[in-house]
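*Asks:* Have a look at this one before I ask anything.
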Amino acid sequence: MHLLTLFLLLLGTVAAIQAPTRDALKPRNWDLRLLGPGCDPNDSNIDISLFHRSGFVGASCEAVDTGEFNTTSVKSISWKSPGEDRYDLCIYGNAGCRGAAADVLRSGWEVCYPFSGWKGWKVVAADVAC
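When you line the sequence shown up against mature numbering (1 follows the signal peptide of the UniProt record, and there is no 0), it's residues -16 to -1, 1 to 114, in that order.
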């Protein structure tokens, strides 16, 4: 009985260790993080990350989920899409991404970009209209 318990405990530990590794190795063309206070443009800032999404292709409108975190804690964002298949981040003042985008990040690399309280976002291919 004790061996079975030990085996199950070790199995769970191995799975927990491998999960972040699998996520880190997942192919992606863009990476978005909403960051708390203390952003350092010369650091990964993972320790202050409040929200993270990444993808291989564009993403349709997604509302900022205030149930997941308190948006008043968000001070800046990190947007990275440096690859050959570059993408742009469109941010909106409303959760439905209706109307003109409040801002568009087209450089492919913005770290510590000020968070202005936007409510929705989507990812489009580089230089495509939001």
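Idealized CB from N, CA, C, for every residue including glycine.
Counting pairs of beta carbons, one from the segment 12 to 28 and one from the segment 53 to 63, are three or more of them closer than 8 Å?
*Replies:* yes
*Asks:* Between the C-alpha atoms of Ile109 and Arg90, what's the straight-line distance to the nearest angstrom?
*Replies:* Here residue 109 refers to the residue found at position 125 of the sequence shown. Here residue 90 refers to the residue found at position 106 of the sequence shown. In the sequence on display, residue 109 carries Ala and not Ile. Those two C-alpha atoms are separated by around 10 Å.
*Asks:* Checking 9 Å against the spacing of the C-beta atoms, do Gly77 and Gly51 come in under that value?
*Replies:* Taking the sequence shown and counting its residues from 1, the one referred to as residue 77 is at position 93. Taking the sequence shown and counting its residues from 1, the one referred to as residue 51 is at position 67. For Gly77 and Gly51, no; Cβs fall outside 9 Å.
*Asks:* Helix, strand or coil, according to DSSP, for Asp49 in the structure here?
*Replies:* As a position in the sequence shown, residue 49 is number 65, starting the count at 1. Note: Asp49 maps to coil in three-state DSSP.
*Asks:* Quick one, are the C-beta atoms of Ala79 and Ala43 less than 9 Å apart?
*Replies:* Residue numbering aside, residue 79 sits at position 95 when the sequence shown is read from its first letter. Residue numbering aside, residue 43 sits at position 59 when the sequence shown is read from its first letter. Not closer than 9 Å, so no.
*Asks:* With a cut-off of 9 Å, does the C-beta of Phe53 fall near any C-beta of chain D?
*Replies:* Judged by its chain identifiers, the structure shown contains no chain D, having just a single protein chain.
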